[in-house]
Amino acid sequence: MQINRKSNLYDIESLYDTLGTDPQLRLPISMSHGGGLGVDAALAQFVVTWARAYEHSVLHLYAPAEEAIAQIPQVAKTAAGLFALIMSSEIHTEDHLIVDRRDALLAIRTLVEAMFVGDIRNTSTTRGARPTAINLFCVNNAKR
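Numbering (my numbering), first residue to last: 6 to 149.
Take a look at the structure:
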């Protein structure tokens, strides 16, 4: 299942009809909807539902094996991406190679620690003295 970066709320709602047909998911690095909270929240909820619907769920990255670990922190800057990284059974590169789960989670460790200690500047999806977005995500039953 591939999520289009131009998806709107109706598109995301229609994805629920496909649950049970595809345990593999490919998320865009960012959505092009202009940053409306509704789309981000709906996509994040869909990802949680998708991951719970399958015994073996696979997140596919848009990166070859040599770039996969570098792309993972970018994926984690959205709620849907972070939830997919944490909740999927496996993470694959674009050429279908398995990314070591420990390496993937270590790649987002600084982001999770920044959220945990309130280091707001390092949780942002944008850079600069005054970030326009602050990510503070909570995953049910997560260690932190």
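Here a beta-carbon is modelled for each residue, glycine too, at the ideal position from N, C-alpha and C.
Rounding to the nearest angstrom, what Cα-Cα distance links residue i and residue j in this structure?
{"i": "Y21", "j": "E60", "result": "17 angstroms"}
{"i": "A119", "j": "I125", "result": "7 angstroms"}
{"i": "M6", "j": "S19", "result": "12 angstroms"}
{"i": "Y67", "j": "G43", "result": "24 angstroms"}
{"i": "A84", "j": "S35", "result": "11 angstroms"}
In the DSSP output, which residue or residues are listed as bridge partners for residue i?
{"i": "I103", "result": "H97"}
{"i": "Q7", "result": "R31"}
Does DSSP put residue i in a helix, in a strand, or in coil?
{"i": "L24", "result": "coil"}
{"i": "L64", "result": "strand"}
{"i": "L32", "result": "coil"}
{"i": "F142", "result": "coil"}
{"i": "N127", "result": "helix"}
From this set, the options, which residue's C-alpha is nearest residue i's C-alpha?
{"i": "R107", "options": "F51, A119, I91", "result": "I91"}
{"i": "P33", "options": "A46, H65, N127, E18", "result": "H65"}
{"i": "L24", "options": "A47, V52, N9", "result": "V52"}
{"i": "V117", "options": "L14, F88, N9", "result": "F88"}
{"i": "L80", "options": "A112, D16, W55, A70", "result": "The amino acid at residue 80 is misidentified as Leu; the sequence shows Val. Among A112, D16, W55, A70, the Cα nearest to that of V80 is on A112."}
{"i": "A73", "options": "L48, S93, D105, Y15", "result": "D105"}
{"i": "I103", "options": "V122, E71, N13", "result": "E71"}
Just to confirm, are residue i and residue j a CB contact at a threshold of 7 angstroms?
{"i": "H97", "j": "V63", "result": "yes"}
{"i": "A109", "j": "I77", "result": "yes"}
{"i": "P69", "j": "E99", "result": "yes"}
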